[in-house]
Amino acid sequence: MEPMPRGLRMLNLVTGGLFVIALYMVFFYAPLEAVMGEVQRVFYFHVAAGWVGALAFLVAAVAGVIYLARGGKRWDRVGLASVEVGIVFTLINIVSGSIWARPIWNTWWTWDPRLVTATVMELIYIAYIMLRQGTEDPERRARFGAVYAIVGFLSVPLTFLSIRIWRTIHPVVIGSGDPTAEGTFDMSPRMLQAFMFSLLTFTFVYVTLLWHRLRLEVLAERVEQRKMSLTAPGA
Amino acid sequence: MVESWATVPVRRSSFWRAAAAVLWKDLAAEMRSRELLGSMLVFALLVILIFNFALELDVRTRATVTSGVLWVTFAFAGTLGLNRSMAIEKDRGCLDGLLLAPVDRSAIYFGKVAGNLAFMVIVEAVVLPIYSVLYNVNLFVPGLLGVILLGSLGYVAVGTILASMAVQARTRDVLLPILLFPVVLPLLLAAVKASQGFLQGFDMAEIVPWINLLLVYDVVFLAVAWMVFDFVVEE
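Taken in order, these protein sequences are the chains called U and S.
For the first sequence, position 111 matches number 220 in my numbering, and the numbering has no gaps at all.
For the second sequence, position 130 matches number 143 in my numbering, and the numbering has no gaps at all.
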């Protein structure tokens with residue numbers, strides 16, 4: 110097995126360091142929120158995970174467009190890797206949101222646009238994985254994955270819009286706040302810094318994981334090729 | 014696969030003639046075999062029957078759940094039809110024949126959409142009067158019929174492209190609803206809400222946002238499907 114590329118090793122260290130600082134900022138640097146207390150600290154990683162999920166699915170859709178337009182196995186790998194990372198972070202987003210909602214909204218779950226959209230998005234990309242698993246021919250699998258990544262991603266804003274017309278109680282912390290939203294708060298400068306830093310850190314985590322996943326995929330393909338050449342007649 | 018973005022310009026009349034030919038083929042085949050409509054219809058009636066017992070559709074509940082029951086019925090029967098209509102193409106090698114024809118491939122897509130829409134509308138045209146008689150509600154509200162048409166169009170626009178992928182996968186029978194339902198959710202929600210608005214005589218101001226959403230969904234997904242269909246059927 111070939112050693113990890115130098116850039117990736119560097120990135121591992123940087124991301125690890127950033128994560129430690131982010132944890133410090135979230136738990137010690139950012140002040141305690143007056144009304145909600147400690148549970149408000151979920152917010153920093155909750156939003157950051159949601160951001161990574163959305164970013165990952167956007168990257169998958171863009172990779173899908175590039176794959177269909179120009180071809181190239183690399184873009185298919187980027188799409189798959191990004192979707193897998195996105196699924197994990199969207200799940201973290203949903204679960205951490207639920208943990209926050211239990212004391213603040215007094216329920217684990219409510220049919221709010223953001224919650225429903227995150228969940229439907231998660232289901233779309235689980236379907237994406239199932240579509241790929243059910244398609245045997247690698248070239249066709251790549252094409253189908255690209256098409257579904259595009260179609261699925263386009264439906265996400267419409268899902269959000271449709272549930273928004275329906276109902277909402279989710280707080281909008283960034284941008285204009287809806288006075289009827291429950292659990293909203295104003296960020297102090299230190300909170301804002303911790304929040305921005307969490308976003309940065311999670312973006313680094315995303316890039317690092319994506320790179321690892323891409324490398325894993327390349328290695329897996331190489332193993333597959335070795336196996337084929339060993340079992341091929343006349344080998 | 015790159016040349017598909019720059020297909021040879023085809024005269025518009027021949028494009029629509031090709032689409033009409035595909036539609037005609039589907040209708041003629043159905044006239045002779047009657048296997049698709051028959052199963053969709055019986056299935057739709059069974060779904061309504063099950064709802065009757067599951068929800069205890071008495072007069073009071075009926076007023077609020079009728080549009081939901083109708084759309085779930087259409088969506089389920091629709092998946093059945095979509096799967097079958099594409100499976101026939103695949104299994105009998107008909108799709109390969111269609112692809113060999115010297116026409117723009119998106120004409121095949123629009124032909125299939127028109128065919129699937131026709132089957133869905135026929136099923137709806139039978140289900141609506143039966144539901145009206147069984148539950149003594151008047152469903153012949155012009156607005157409702159318009160919503161059903163718009164909703165069905167968006168449903169088959171996405172459904173046709175996803176069914177084309179699903180039938181080429183190993184797990185095809187289970188795959189279509191998993192791929193389709195999360196993507197089609199905003200459409201179904203808008204259709205249910207708009208239908209309910211017309212049935213209960215809501216103010217038009219409450220119905221218009223849903224109709225706008227239906228229109229946007231139809232346009233967006235017809236356009237996207239038209240662009241990516243080439244990649245789905247390519248061998």
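By construction, the Cβ of each residue, glycine as well, lies at the ideal position given by its N, Cα and C atoms.
Source: prediction; values computed, not measured.
Alpha carbon to alpha carbon, how far is S/L108 from S/A238? Give it in angstroms, no decimals. Within the second sequence, residue 238 of chain S is the residue found at index 225, counting from 1. Within the second sequence, residue 108 of chain S is the residue found at index 95, counting from 1. C-alpha separation (whole angstroms): 17 Å.
Roughly how far, in whole angstroms, is the beta-carbon of S/A88 from the beta-carbon of S/Y168, given that I think they are within contact range, below 8 Å? Working through the second sequence from its first residue, we reach residue 88 of chain S at position 75. Working through the second sequence from its first residue, we reach residue 168 of chain S at position 155. Contact flag correct, Cβ pair sits at about 7 Å.
Give the DSSP-derived three-state secondary structure of U/G181 in the structure shown. Sequence index remark: in the first sequence, residue 181 of chain U carries index 72 (1-based). Coil.
In chain order, which alpha helix (DSSP H) runs of at least 4 residues are fully inside the stretch 118–203 of chain U? Entirely contained in the stretch 118–203 of chain U, the alpha helix (DSSP H) runs reaching 4 residues are, in chain order, 151–179.
Whole angstroms is fine: what's the gap from U/P342's alpha carbon to U/Q334's? Here residue 342 of chain U corresponds to residue number 233 of the first sequence, with the count starting at 1. Here residue 334 of chain U corresponds to residue number 225 of the first sequence, with the count starting at 1. Rounded to the nearest angstrom, the two C-alpha atoms are 14 Å apart.
So with Cβ pairs under 7 Å, would you call S/A182 a contact of chain U? Position 169 of the second sequence, counting from 1, holds the residue named residue 182 of chain S. Interface residue, yes.
Give a yes or no on whether the C-beta atoms belonging to U/A227 and U/S191 are separated by under 7 Å. For the purposes of this step, residue 227 of chain U is identified with residue 118 of the first sequence, where counting begins at 1. For the purposes of this step, residue 191 of chain U is identified with residue 82 of the first sequence, where counting begins at 1. No.
With DSSP collapsed to three states, give me the class of S/V160. Counting from one through the second sequence, the residue named residue 160 of chain S turns up at place 147. If DSSP states are grouped into helix, strand and coil, S/V160 belongs with the helices.
Helix, strand or coil for S/R47? Go by DSSP, reduced to three states. Here residue 47 of chain S refers to the residue found at position 34 when the second sequence is read from its first residue. The answer is coil: DSSP assigns S/R47 none of H, G, I, E or B.
Selection from S/A182, S/G214, S/A76 and S/R45 that minimises the alpha carbon distance to U/G243: Residue 243 of chain U sits at position 134 when you count from the first residue of the first sequence. Ranking the options by Cα distance to U/G243, first place goes to S/A182.
Does the stretch 247–258 of chain U come within contact of the stretch 181–197 of chain U, defined as at least 3 CB pairs closer than 8 Å? yes
Report back the beta-carbon spacing between U/Y153 and U/V135 to the nearest angstrom; my notes put them in contact at under 8 Å. The sequence position of residue 153 of chain U within the first sequence is 44, counting from 1. The sequence position of residue 135 of chain U within the first sequence is 26, counting from 1. That belief holds up - the Cβ atoms of U/Y153 and U/V135 are roughly 5 Å apart, short of 8 Å.
Can you list, in chain order, the residues of its chain whose CB lies under 7 Å from that of U/S207, leaving out five sequence neighbours each side? If you number the first sequence from 1, residue 207 of chain U lands on position 98. The answer, listed in chain order, is W217 and W218.
Report yes if the C-beta distance between S/M251 and S/G110 is below 7 Å; otherwise report no. Only positions 14 to 248 of chain S appear in this structure, which leaves residue 251 of chain S out of reach.
Three-state secondary structure (DSSP) at S/F215? Position 202 of the second sequence, counting from 1, holds the residue named residue 215 of chain S. Coil, per DSSP.
With 7 Å set as the bound, which would you pick, yes or no: does the beta-carbon of U/G181 sit closer than that to a beta-carbon of chain S? In the first sequence, counting from the first residue as 1, residue 181 of chain U sits at position 72. For U/G181, the answer is no, since every Cβ of chain S falls outside 7 Å of its Cβ.
Would you mind telling me which residues of chain U sit closer than 8 Å to S/V237, beta carbon to beta carbon, in chain order? Walking along the second sequence from the start, residue 237 of chain S turns up at place 224. Simply I259, V260 and L263.
Using only alpha-carbon positions, find the residue among U/G125, U/R150, U/N215 and U/G126 that is nearest to U/F137. Sequence index remark: in the first sequence, residue 137 of chain U carries index 28 (1-based). The candidate whose alpha carbon is nearest that of U/F137 is U/R150.
Helix, strand or coil at U/A341 according to DSSP, with G and I counted as helix: By one-based count along the first sequence, residue 341 of chain U stands at place 232. U/A341: coil per DSSP, three-state reduction.
Taking only beta-carbon atoms, is U/I274 less than 7 Å away from chain S? If you number the first sequence from 1, residue 274 of chain U lands on position 165. Interface residue, yes.
Closer than 7 Å to chain U by CB, S/A218: As a working mapping, residue 218 of chain S is identified with position 205 in the second sequence. Taking Cβ atoms only, chain U never reaches closer than 7 Å to S/A218, which makes this a no.
Shortest alpha-carbon distance to U/L318 belongs to which of U/V265, U/N121 and U/F294? Locating residue 318 of chain U in the first sequence gives position 209, counting from the first residue. Nearest of U/V265, U/N121 and U/F294 to U/L318, Cα basis: U/N121.
With distances taken between CB atoms, is the gap from U/P222 to U/R273 smaller than 7 Å? Numbered from its first residue, the first sequence carries residue 222 of chain U at position 113. Numbered from its first residue, the first sequence carries residue 273 of chain U at position 164. Going by C-beta atoms, U/P222 is nearer than 7 Å to U/R273.
Would you verify that the beta carbon of U/L189 is, or is not, closer than 7 Å to some beta carbon of chain S? Residue 189 of chain U sits at position 80 when you count from the first residue of the first sequence. No - not a single Cβ of chain S is within 7 Å of the one on U/L189.
According to the Cβ coordinates, are S/V116 and S/A31 closer than 7 Å? The residue given as residue 116 of chain S occupies position 103 in the second sequence. The residue given as residue 31 of chain S occupies position 18 in the second sequence. In this structure, S/A31 lies closer than 7 Å to S/V116 by Cβ.
Can S/K103 and S/T173 be called in contact, C-beta distance under 7 Å? Against the second sequence, residue 103 of chain S aligns to sequence position 90. Against the second sequence, residue 173 of chain S aligns to sequence position 160. For S/K103 and S/T173, no; Cβs fall outside 7 Å.
From the beta carbon of S/Y122, is the nearest beta carbon of chain U less than 7 Å away? Residue 122 of chain S sits at position 109 when you count from the first residue of the second sequence. S/Y122 does not count as touching chain U.
7 Å Cβ cutoff met for S/Y230 and S/L202: Sequence index remark: in the second sequence, residue 230 of chain S carries index 217 (1-based). Sequence index remark: in the second sequence, residue 202 of chain S carries index 189 (1-based). Against a cut-off of 7 Å, the Cβ pair of S/L202 and S/Y230 comes out as no contact.
Please identify the residue among S/F64, S/F244, S/G91 and S/M99 whose C-alpha is closest to the C-alpha of S/V82. The sequence position of residue 82 of chain S within the second sequence is 69, counting from 1. Selected option, being the one with the closest Cα: S/F64.
U/A163 to U/L127 span [Cα, whole Å]: Your numbering for residue 163 of chain U matches position 54 in the first sequence. Your numbering for residue 127 of chain U matches position 18 in the first sequence. Cα-Cα distance, rounded: 21 Å.
Can you give me the start and stop residues for the alpha helix (DSSP H) that U/P222 sits inside? Against the first sequence, residue 222 of chain U aligns to sequence position 113. U/P222 -> alpha helix (DSSP H) spans P222 to G243.
Please list, in chain order, all residues of the same chain as S/R207 whose beta carbon is under 7 Å from its beta carbon, the five residues on each side excluded. Taking the first residue of the second sequence as position 1, residue 207 of chain S is located at position 194. Note on residue identity: the sequence assigns Ala, not Arg, to residue 207 of chain S. Closer than 7 Å at Cβ, skipping near neighbours: V160, I220, W223, I224 and L227.
Chain U contact residues for S/L226, given Cβ-Cβ distances below 9 Å: Numbered from its first residue, the second sequence carries residue 226 of chain S at position 213. Under the 9 Å cutoff, chain U gives L267, L270, S271 and I274.
Alpha carbon to alpha carbon, what distance is there between S/I135 and S/L141? As a working mapping, residue 141 of chain S is identified with position 128 in the second sequence. As a working mapping, residue 135 of chain S is identified with position 122 in the second sequence. One C-alpha to the other measures close to 10 Å.
Looking at chain S, which residues of the stretch 238–254 of chain U have a Cβ within less than 7 Å of any of its Cβ atoms? M239, L240, G243, T244, E245, R249, R252 and F253
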